[in-house]
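Inspection log for the structure reproduced underneath, given as structure tokens.
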Amino acid sequence: MNIRHFLNTQDFSRSELDGLLEQAHRFKQSRFGDQLRGRSIALMFFNPSMRTRTSFELGAHQLGGKAIVLAPGKDAWPIEFELGKVMDGEAEEHIAEVARVLGRYVDLIGVRAFPKFQDWSVDREDRVLRAFAAHSPVPVINMETITHPCQELAHIMALQQHKGAELKGRKYVLTWTYHPKPLNTAVANSALQIATRYGMDVTLLCPSEEYLLDSRYMEFARQNVAESGGSLTISHDPQSAYRNADVVYAKSWGAIPYFGRWDQEKPLRDAHKHFVVDEAKMALTNNAVFSHCLPLRRNVKATDAVMDSAACIAIDEAENRLHVQKAIMAALMRGRD
Ligand code: CP
Numbered sequence: 005m006n007i008r009h010f011l012n013t014q015d016f017s018r019s020e021l022d023g024l025l026e027q028a029h030r031f032k033q034s035r036f037g038d039q040l041r042g043r044s045i046a047l048m049f050f051n052p053s054m055r056t057r058t059s060f061e062l063g064a065h066q067l068g069g070k071a072i073v074l075a076p077g078k079d080a081w082p083i084e085f086e087l088g089k090v091m092d093g094e095a096e097e098h099i100a101e102v103a104r105v106l107g108r109y110v111d112l113i114g115v116r117a118f119p120k121f122q123d124w125s126v127d128r129e130d131r132v133l134r135a136f137a138a139h140s141p142v143p144v145i146n147m148e149t150i151t152h153p154c155q156e157l158a159h160i161m162a163l164q165q166h167k168g169a170e171l172k173g174r175k176y177v178l179t180w181t182y183h184p185k186p187l188n189t190a191v192a193n194s195a196l197q198i199a200t201r202y203g204m205d206v207t208l209l210c211p212s213e214e215y216l217l218d219s220r221y222m223e224f225a226r227q228n229v230a231e232s233g234g235s236l237t238i239s240h241d242p243q244s245a246y247r248n249a250d251v252v253y254a255k256s257w258g259a260i261p262y263f264g265r266w267d268q269e270k271p272l273r274d275a276h277k278h279f280v281v282d283e284a285k286m287a288l289t290n291n292a293v294f295s296h297c298l299p300l301r302r303n304v305k306a307t308d309a310v311m312d313s314a315a316c317i318a319i320d321e322a323e324n325r326l327h328v329q330k331a332i333m334a335a336l337m338r339g340r341d
């Protein structure tokens, strides 16, 4: 059977994404439904979570379904993903069995698997997610690996709530921010994809060329601009980037050329603590809304004043995770026996 997974928004047409968002807006109005009655989802967490776990578990429950949470290597057996491997290490079972066994029990599988942060040429292949998708007999949902498509939809939904349904032509600033540790590029990749997909004039603001995102996502953004009529600008200057912005979206990420050599990246990162989102920068904008996927370190990524201001819509975006994920689960279940 040809299974439709939810791995990346780029795999879905704009009208399909709009359909998911319309359903999410309906779920916001009316929380409960029976779209998952008798259905279940396994939530495979290889990394920690607060929002994703809570919203998927509750979302399944509110639609009449059941979620099972598993943390491989902690409360479930460690899994091997490499084909042909002599499994004489830590892993006790292979994805070929894990995905197929889960598929006999549940109707959906969610996967959160961050990069290992040692070798980007390996991490960029998204092996854990791709292996689940390859071996699973049921649809797989990306709960954040090297992109975060559920966050993308929650973000667009929040922007539509605050800036109107038509986002085309809005000035959107995706700003890198400082963080003491190198973080995943997933949300930044996702923000770049979805903001260009929705026709916004996107400025990618980062300290230097080293902080540009992987070429795959830069290319998706350029393709989206060509199709959606927005624009993509690279900036290393916060003052000009923030000027007249309608949306400021912040995220910290590690510089890809330094992947696995983080001690060498640290001085570069440490020199850009001033990328913090503060009132002075927000004052340059066109009454912009500010958001972040959360979790967020206050007064490192954004100041208390910005987080507590009316401009901050991060809590709305987090709430929307519940609505969009219900829409995704319901859509993936539609038409399946
Ligand atoms: N934004 C997000 O995915 O939050 P969690 O890491 O808490 O799930």
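Take the position in the sequence shown, starting the count at 1, then add 4; the result is the number in the working numbering.
All residues carry an ideal CB built from backbone N, CA and C; glycine is no exception.
Just so we're clear, the structure is a prediction, and the values are computed from it rather than from any experiment.
Run of the alpha helix (DSSP H) containing Asn-146, from where it starts to where it stops = The residue you call residue 146 lines up with position 142 of the sequence shown. No alpha helix (DSSP H) holds Asn-146; the beta strand (DSSP E) holding it covers 144-146.
Inter-residue CB distance, Trp-81 and Glu-61 (contact presumed, cutoff 8 Å) = Here residue 81 refers to the residue found at position 77 when the sequence shown is read from its first residue. Here residue 61 refers to the residue found at position 57 when the sequence shown is read from its first residue. Not a contact, Cβ separation roughly 22 Å.
Should the stretch 280-293 be regarded as contacting the stretch 260-270, the criterion being three or more beta carbon pairs within less than 8 Å?
-> no
Contact the stretch 145-165 vs the stretch 180-199: 3+ CB pairs below 8 Å | yes
Coil, strand or helix - Asp-312 by DSSP = Locating residue 312 in the sequence shown gives position 308, where the first residue counts as 1. Residue state, collapsed to three classes: coil.
May I ask whether a heavy atom of the ligand CP can be found less than 8 Å away from the beta carbon of Met-48?
-> As a working mapping, residue 48 is identified with position 44 in the sequence shown. Incorrect: Met-48 has no Cβ contact closer than 8 Å to the ligand CP.
Express the C-alpha separation of Val-105 and Arg-30 in angstroms, rounding to a whole number.
-> Numbered from 1 along the sequence shown, position 26 holds the residue referred to as residue 30. Numbered from 1 along the sequence shown, position 101 holds the residue referred to as residue 105. When rounded, the distance between both Cα atoms is 34 Å.
Tell me whether Met-161 counts as near the ligand CP, meaning its Cβ is closer than 8 Å to at least one heavy atom of that ligand.
-> Along the sequence shown, one-based indexing puts residue 161 at 157. Every heavy atom of the ligand CP is 8 Å or more from the Cβ of Met-161, so no.
Quick one, which of Lys-305, Arg-302 and Ala-28 has its alpha-carbon nearest Gln-164's?
-> Translated into positions along the sequence shown, residue 164 becomes position 160. Minimum Cα distance to Gln-164 is reached at Ala-28.
Please name the residue, chosen from Arg-220, Leu-187, Ala-322 and Leu-326, that lies closest to Ala-259 on a Cα-to-Cα basis.
-> Counting from one through the sequence shown, the residue named residue 259 turns up at place 255. Closest option to Ala-259, Cα to Cα, is Leu-187.
Select from Arg-338, Gly-339, Val-328 and Glu-223 the residue whose C-alpha is nearest the C-alpha of Asp-22.
-> Position 18 of the sequence shown holds residue 22. Comparing Cα positions, the closest option is Val-328.
With hydrogens ignored, establish whether the beta-carbon of Cys-316 is closer than 8 Å to any heavy atom of the ligand CP.
-> Mapped onto the sequence shown, residue 316 falls at position 312. Every heavy atom of the ligand CP is 8 Å or more from the Cβ of Cys-316, so no.
So which of Thr-58, Thr-149, Phe-224 and His-240 has the shortest CA-CA distance to Asn-51?
-> By 1-based counting over the sequence shown, the position of residue 51 is 47. Asn-51 has its Cα closest to that of Thr-149, out of Thr-58, Thr-149, Phe-224 and His-240.
How many angstroms separate the CA atom of Phe-136 from the CA atom of Glu-231?
-> As a working note, residue 136 is residue 132 in the sequence shown. As a working note, residue 231 is residue 227 in the sequence shown. If I take the Cα positions, the gap works out to 31 Å.
Quick one, which of Arg-116, Arg-301, Trp-257 and Leu-47 has its alpha-carbon nearest Gly-69's?
-> For the purposes of this step, residue 69 is taken as the residue at position 65 of the sequence shown. Cα-wise, what sits closest to Gly-69 is Leu-47.
So the alpha helix (DSSP H) Ile-134 belongs to, where does it begin and stop?
-> Here residue 134 refers to the residue found at position 130 of the sequence shown. According to the sequence provided, residue 134 is Arg. The question's Ile does not apply to it. 131-139 is the span of the alpha helix (DSSP H), which, as asked, contains Arg-134.
Length at least 4, wholly inside the stretch 161-214: the alpha helix (DSSP H) runs in chain order = 190-201
For Lys-32, name the three-state secondary structure that DSSP assigns.
-> Here residue 32 refers to the residue found at position 28 of the sequence shown. Lys-32: helix per DSSP, three-state reduction.
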